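K.L.:
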């Protein structure tokens with residue numbers, strides 16, 4: 355009898371005739387009737403047919419590559435859709451197995467010959483399987499949407515809750531719920547900021563978010579969670595309606611890197627679980643959060659927004675407003691601070707008032723315009739075409755690491771032969787070298803600058819920035835024309851302005 359392999363795939367939801375034992379039993383029966391003996395079995399349990407990187411499937415392909423041609427005559431599957439529900443993957447792998455290694459893919463349930471009619475029927479079945487997979491995904495999402503609208507749980511429990519193995523309703527974890535309530539109290543009653551709350555919890559509270567095993571993504575199978583408190587986690591708790599007995603779903607778009615969807619697409623419903631926070635405390639927290647936010651209109655009124663960077667860590671210095679109450683009167687003081695420090699993820703406070711830093715910059719521009727010959731200033735002559743080309747080339751160069759990995763994966767998966775892999779690798783290397791040479795050429799272009807012209811331009815800018823009749827938008831455009839970036843460090847006494855000049 356000729357040797358053959360069996361490939362079995364079953365998801366965790368499938369039962370009955372699709373179970374691994376049931377599939378293998380029918381495969382062995384079919385193989386025996388066609389003169390084949392199953393000598394090795396590959397099983398992907400709990401994997402989708404749409405995942406081309408199924409571990410056992412890939413191991414089977416790699417095993418086939420190492421065999422002497424003719425050692426294995428066929429690979430049996432229970433049904434054609436067990437091999438793949440994606441038509442493209444199915445065609446590529448079947449063609450590779452048939453042409454390179456002389457291995458047929460046969461079905462235990464469908465009688466398909468290797469002739470033109472059999473190939474046609476096989477292709478039709480694969481198209482039907484792919485349609486079924488896409489249609490099933492739509493139906494599943496429809497059911498999930500309906501469940502979300504009825505307040506059913508579709509997400510893992512947030513900190514403060516747990517989902518019992520045999521239940522669908524979140525249950526409160528008392529010791530964690532106390533921490534959630536403490537966070538809201540510190541934020542709403544004691545008027546603490548998120549970073550201060552995170553620091554307090556890290557120093558005084560030992561309970562953190564429990565560790566769990568990731569079920570998908572790059573960290574699948576790894577233990578995640580248990581991290582220290584930070585600004586982001588506090589913000590998530592303060593903005594999560596789960597704590598007032600609500601459920602929230604359809605917030606992120608999983609097809610685009612989990613970016614947030616517009617709020618009108620979110621589904622927020624009354625949940626089936628007990629709340630941890632009462633509605634009055636929740637609304638007070640939301641009002642404070644909205645009050646602390648700087649609207650786009652307010653942000654645009656800060657002259658140096660987008661230009662200031664922390665000289666210690668390189669992060670941006672963004673504008674905020676500090677609220678104070680004096681004699682029953684509310685005051686707001688605008689200031690800049692390091693984003694990394696504000697998020698509680700490192701660095702030090704670079705707190706500086708907007709008025710102070712803007713005055714210092716204006717004074718520096720005035721001084722530079724008067725004494726440029728005696729000041730060491732880096733002046734870059736900006737050629738927009740060359741700058742745009744350099745940016746595009748540098749981005750393109752960053753993509754080559756991923757491109758090398760893709761052609762390597764294609765070779766290891768058996769899609770490309772060794773000769774094709776070598777040819778593609780050589781092609782990428784030549785392209786990469788050409789880009790690197792062009793980048794070197796662009797970077798060696800020496801800027802030129804006439805100090806007298808530059809001094810006059812800075813004087814005009816200084817005059818414009820001090821003109822009360824000029825709009826803030828015009829001032830921002832003017833200062834960005836001559837200043838590339840500003841580096842500031844309160845602790846190291848650094849104020850560095852990187853000027854640029856255009857013809």
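Numbering (this note's numbering), first residue to last: 355 to 857. Cβ coordinates follow ideal geometry from the N, Cα and C atoms, glycine included. Nothing here was measured: the structure is a model prediction, and the numbers come from that model.
As a quick exercise: from 686, 457, 853 and 418, pick the residue whose alpha carbon is nearest that of residue 662.
P.N.:
Of the candidates 686, 457, 853 and 418, the one whose C-alpha sits nearest the C-alpha of residue 662 is 853.
K.L.:
At which residues does the beta strand (DSSP E) containing residue 390 begin and terminate?
P.N.:
That run of the beta strand (DSSP E) goes 390-399.
K.L.:
What does the Cβ neighbour count give for residue 398, buried or exposed, with the cut at 16 atoms within 10 Å?
P.N.:
It counts as buried.
K.L.:
Could you check what DSSP says for residue 528 in three-state terms: helix, strand or coil?
P.N.:
If DSSP states are grouped into helix, strand and coil, residue 528 belongs with the helices.
K.L.:
Mind reading off the beta-carbon distance from residue 389 to residue 356? Whole number of angstroms is fine, and I expect it under 8 Å.
P.N.:
With a Cβ gap of about 6 Å, residue 389 and residue 356 count as contacting.
K.L.:
Taking the alpha-carbon of residue 408 as reference, which of 438, 393 and 557 has the nearest alpha-carbon?
P.N.:
Ranking the options by Cα distance to residue 408, first place goes to 438.
K.L.:
Less than 6 Å between C-beta atoms, sequence neighbours within five positions excluded: which residues of the same chain meet that for residue 530?
P.N.:
Taken in chain order, the residues that qualify are 513 and 514.
K.L.:
Looking only at its own chain, which residues have a Cβ that is under 8 Å from the Cβ of residue 425, when we skip the five neighbours before and after it?
P.N.:
357, listed in sequence order.
K.L.:
Taking the CB atoms as reference points, tell me whether residue 673 and residue 695 lie closer together than 7 Å.
P.N.:
Contact: no.
K.L.:
Is residue 676 helix, strand or coil when you go by DSSP?
P.N.:
Residue 676 falls in the strand class under three-state DSSP.
K.L.:
By the three-class DSSP mapping on this structure, what secondary structure does residue 516 have?
P.N.:
Strand at residue 516.
K.L.:
Along the beta strand (DSSP E) that carries residue 841, what are the first and last residues, could you check?
P.N.:
From DSSP, the beta strand (DSSP E) with residue 841 extends over 837-843.
K.L.:
Would you report the Cα separation of residue 585 and residue 702, rounded to the nearest angstrom?
P.N.:
If you take the alpha carbons of residue 585 and residue 702, they lie about 15 Å apart.
K.L.:
Terminal residues of the continuous alpha helix (DSSP H) containing residue 357?
P.N.:
Note, residue 357: premise wrong, no alpha helix (DSSP H); beta strand (DSSP E) at 356-364.
K.L.:
Is residue 391 closer than 7 Å to residue 431 when the C-beta atoms are compared?
P.N.:
No.
K.L.:
Based on DSSP bridge pairs, tell me the residues matched to residue 458.
P.N.:
In the DSSP output, where bridge partners are listed per residue, residue 458 has 428.
K.L.:
Buried or exposed: where does residue 722 fall if 16 or more other Cβ atoms within 10 Å of its Cβ makes it buried?
P.N.:
So residue 722 ends up on the buried side.
K.L.:
Suppose you measure from the CA of residue 653 to the CA of residue 794; what does that come to, to the nearest Å?
P.N.:
Any reading at residue 653 must be qualified, since the residue scores a pLDDT of 44, below 50, and its modelled position is unreliable; the value itself is stated next. When rounded, the distance between both Cα atoms is 38 Å.
K.L.:
Let me know if residue 542 comes out buried or exposed under the rule of 16 or more other beta-carbons within 10 Å of its beta-carbon.
P.N.:
With 16 or more Cβ atoms within 10 Å of its Cβ, residue 542 is classed as buried.
K.L.:
Exposed or buried, residue 687, counting other C-beta atoms within 10 Å across all chains shown (16 or more means buried)?
P.N.:
Residue 687 should be labelled exposed.
K.L.:
What are the start and end residues of the alpha helix (DSSP H) that includes residue 510?
P.N.:
Here residue 510 belongs to no alpha helix (DSSP H), and DSSP marks it neither H nor E.
K.L.:
Return the bridge partner residues of residue 753 from the DSSP annotation.
P.N.:
Residue 753 is not bridged to any residue.
K.L.:
By how many angstroms is the C-alpha of residue 760 removed from the C-alpha of residue 753?
P.N.:
Rounded to whole angstroms, residue 753 to residue 760 spans 11 Å at the Cα level.
K.L.:
How about residue 692 and residue 658: are their beta carbons less than 7 Å apart?
P.N.:
No, these two residues do not count as a Cβ contact at 7 Å.
K.L.:
Considering only their Cβ atoms, is the gap separating residue 782 from residue 749 smaller than 7 Å?
P.N.:
No, they are not a contact pair.
K.L.:
Quick check: what's the CA-CA separation for residue 394 versus residue 416?
P.N.:
Cα to Cα, residue 394 sits roughly 14 Å from residue 416.
K.L.:
Going straight from the alpha carbon of residue 603 to that of residue 622, what length do you get?
P.N.:
The straight-line gap from Cα to Cα measures roughly 7 Å.
K.L.:
Look up residue 465 in the DSSP assignment and say whether it is helix, strand or coil.
P.N.:
Note: residue 465 maps to coil in three-state DSSP.
K.L.:
Would you kindly report the start and end of the unbroken alpha helix (DSSP H) that includes residue 723?
P.N.:
Looking at the DSSP string, the run of the alpha helix (DSSP H) that includes residue 723 is 708-724.
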